[in-house]
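Note that the protein sequences, when read in sequence, are chains A and B.
Those letters in the first sequence? Residues 1 to 189, per our numbering, in order.
Those letters in the second sequence? Residues 1 to 189, per our numbering, in order.
All C-beta atoms in this analysis are idealised placements derived from N, C-alpha and C, irrespective of residue type, glycine included.
All values reported here derive from a predicted model rather than from experimental measurement.
The structure under discussion appears below in the form of structure tokens.
Number of protein chains: 2
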Amino acid sequence: MKTENRKTEIVRVAAHLFKEKGYSAVTMRDLAKTMGIKAASLYNHIESKQSILQDIIVSIAEEFTQGMSSILAESSNSIDKLNKIISLHVTIASKNADGMAALNTDWMHLEDKLNYYLDLRNSYEENFRKIIQAGIDNNEIKNENVEVILFSLLSTLRSLYLWIPKKENLNEAQLASSLSHILIKGINT
Amino acid sequence: MKTENRKTEIVRVAAHLFKEKGYSAVTMRDLAKTMGIKAASLYNHIESKQSILQDIIVSIAEEFTQGMSSILAESSNSIDKLNKIISLHVTIASKNADGMAALNTDWMHLEDKLNYYLDLRNSYEENFRKIIQAGIDNNEIKNENVEVILFSLLSTLRSLYLWIPKKENLNEAQLASSLSHILIKGINT
DNA sequence: GTCTATAAAAAGATAGAC
DNA sequence: GTCTATCTTTTTATAGAC
């Protein structure tokens with residue numbers, strides 16, 4: 001469409017506002033004001049507030065799904081797979097911290113696409129869990145509770161969006177490397 | 001006051017709703033319906049919607065501040081202190097998962113108490129950072145980037161509220177112990 | 001593509017009866 | 001302590017002029 005660029009801009013600005021206050025607390029007037037136009041004018045480019053949220057969340061969720069798919073297709077060992085998952089999260093959170101915020105904190109406000117998002121998320125977590133379990137089975141990973149390991153890793157990776165924008169002096173490769181050491185090898189001397 | 005018990009109940013139910021949809025998306029009518037009364041009746045017990053959020057967040061933030069204070073007062077080594085911080089988070093998240101959700105995701109909707117909350121949070125993080133740095137200085141903790149270690153630990157601990165309610169078969173002591181092993185000693189064999 | 005005007009619904013909160 | 005009724009403001013979204 002002709003208005004695709006303007007629409008992309010609206011979605012990007014909306015994601016930024018959603019990160020600051022959350023989807024429900026951001027009004028179409030807030031968004032319009034930031035864009036420098038009136039609220040009614042937004043509707044020439046987007047269908048609804050809800051459609052903006054869908055655009056943001058679904059595109060990132062699919063990006064994670066595709067990333068996991070690539071990782072699974074490779075024949076590397078479990079620790080290699082975990083390192084690739086860490087890099088995947090660092091890359092996506094670096095590129096789109098605002099969108100990651102919406103995915104993490106506003107997914108429950110999805111309407112039509114809620115079940116689709118939940119399916120993608122459950123699949124992702126299940127694949128992650130299997131990688132950890134395989135690592136335990138072949139003695140690459142300590143025999144701790146799988147759910148606690150999964151929770152611990154995912155919590156850190158899912159929070160990257162909060163933290164990456166504040167630490168711009170660390171590049172993606174350095175951050176992924178540092179995270180890999182800390183998450184996998186621990187912090188104890 | 002005579003209505004203190006009813007007020008406590010309202011705050012508790014509100015925290016539960018806030019966890020599901022966030023502060024902004026929960027209406028006074030939603031809250032009233034869950035309580036089995038009309039919205040207007042709520043105002044006989046609470047001052048405003050905002051005062052409910054304040055009650056939830058400030059009490060937990062002060063609990064963390066007090067817990068950190070106790071930990072600092074002890075003369076244990078850095079790893080001991082980290083383990084006590086882990087237990088502190090497990091205890092509070094187990095006791096009040098709903099309130100932890102509000103503290104983590106709705107603090108930005110605080111009005112009068114926003115700066116007070118931010119001061120407590122900054123203090124907490126600064127104390128946490130100093131414990132990690134001291135551990136690095138005396139060779140208890142690996143010489144990795146302090147900010148990445150702090151971020152990684154805090155991300156996991158702050159997300160406990162999402163996860164604890166789903167895993168009721170793990171008691172607090174077991175969870176704290178398992179988390180301690182994973183976060184401090186890593187998962188690599 | 002943006003505007004003004006406005007519709008229709010939903011929000012937080014209060015007044016006063018019971 | 002809860003109700004009905006209502007006020008005031010705010011919200012998403014549409015219609016139609018420019």
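Per DSSP, reduced to three states, the secondary structure at A/Ile149 is helical.
Look at A/Ile187: its C-beta is under 7 Å from a C-beta on chain B. Beta bridge pairing from DSSP links B/Asn188 with A/Ile141. Secondary structure of A/Ser48 (DSSP, three-state): coil. Within chain A, the residues placing a beta-carbon under 7 Å from that of B/Leu183 are Ser152, ordered along the chain.
Sequence-distant partners of B/Arg158 (beyond 5 residues in either direction) whose C-beta falls short of 7 Å from its own C-beta, in its chain, are Asn104. Residue burial annotation: A/Lys33 is exposed, with fewer than 16 other C-beta atoms found within 10 angstroms of its C-beta.
Just so you know, the alpha carbons of A/Tyr23 and A/Leu17 end up roughly 8 Å apart. When rounded, the separation of the alpha-carbon atoms in A/Phe64 and B/Gln54 is 36 Å.
In the DSSP assignment, A/Val90 falls within the unbroken alpha helix (DSSP H) covering Ser78 to Lys95. Contact check between the segment 136 to 144 of chain A and the segment 67 to 79 of chain A: three or more CB pairs, one atom from each, fall below 8 Å, which counts as touching. Here the alpha carbons of B/Lys19 and A/Asn5 stand approximately 36 Å from one another. Listed in chain order, the alpha helix (DSSP H) elements of length 4 or more contained wholly in the segment 93 to 127 of chain B are 97 to 105. Residue state for A/Ser75 is assigned as coil, using DSSP reduced to three classes. Shown here, B/Val13 sits in a helix according to DSSP, grouped into three states.
Look at B/Asn169: its C-beta is not under 7 Å from any C-beta on chain A.
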